[in-house]
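**Student:** Provided herewith is a single structure, encoded as structure tokens, for subsequent inquiry.
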Amino acid sequence: MNRTLGRVTLFVVAITLGLSCGDSSTPTAPPEGLEDHTVRRGGAFHGAGLNDPEQNCVQCHGADLRGGDNGEPSCFLCHGEVWN
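Below you can see the structure in the form of structure tokens.
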């Protein structure tokens, strides 16, 4: 009986995780003009230097990463206030 319950639980967890990853509203390719943003994290595309945002992202996303002069989004929109 316990084996069957364990298998059913595992099956339900696997199905739930599979469904949560299939959000069709997330883009499948970087937006036009951002072809160099090829690293996908959290449903958004990032540039290759995302692990050092103060060095690699401030040129577009602003010195404080709260958005660029040309409408580039704030990194805090997705990452929240405590993210780096």
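Under my numbering, read the sequence shown as residues 425 to 508, first letter to last. Quick reminder that beta carbons are idealized off the backbone N, C-alpha and C, glycines included.
(1) Kindly indicate the opening and closing residues of the alpha helix (DSSP H) around His461.
(2) Go through its chain and collect everything with a Cβ distance to His485's Cβ below 6 Å, but skip five positions before and after it.
(3) Give me the Cα-Cα distance between His461 and Asn480, rounded to the nearest whole angstrom.
(4) Measure from the alpha carbon of Glu478 to the alpha carbon of each residue in Gly471, Asp488, His470, then state which is nearest.
(5) Would you kindly report the start and end of the unbroken alpha helix (DSSP H) that includes Glu478?
(6) In the DSSP assignment, find the unbroken alpha helix (DSSP H) run with Cys502 in it and report its ends.
**Tutor:** Walking through what the data contain:
(1) Position 37 of the sequence shown, counted from the start, is the residue given in the question as residue 461. It is not in any alpha helix (DSSP H) - His461 carries neither H nor E in the DSSP assignment.
(2) On the sequence shown, residue 485 is found 61 positions in, with the first residue counted as 1. For His485, where only same-chain residues beyond five positions count, the Cβ hits under 6 Å are Gly492, Glu496, Cys499.
(3) The count along the sequence shown starts at 1 and reaches residue 461 at position 37. The count along the sequence shown starts at 1 and reaches residue 480 at position 56. Each residue's Cα considered, the two are about 12 Å apart.
(4) Here residue 478 refers to the residue found at position 54 of the sequence shown. The shortest C-alpha separation from Glu478 is found at Asp488.
(5) For the purposes of this step, residue 478 is taken as residue 54 along the sequence shown, with counting starting at 1. Start and end: 477-480.
(6) For the purposes of this step, residue 502 is taken as the residue at position 78 of the sequence shown. Taken as a continuous stretch (DSSP letters only), the alpha helix (DSSP H) holding Cys502 covers 500-503.
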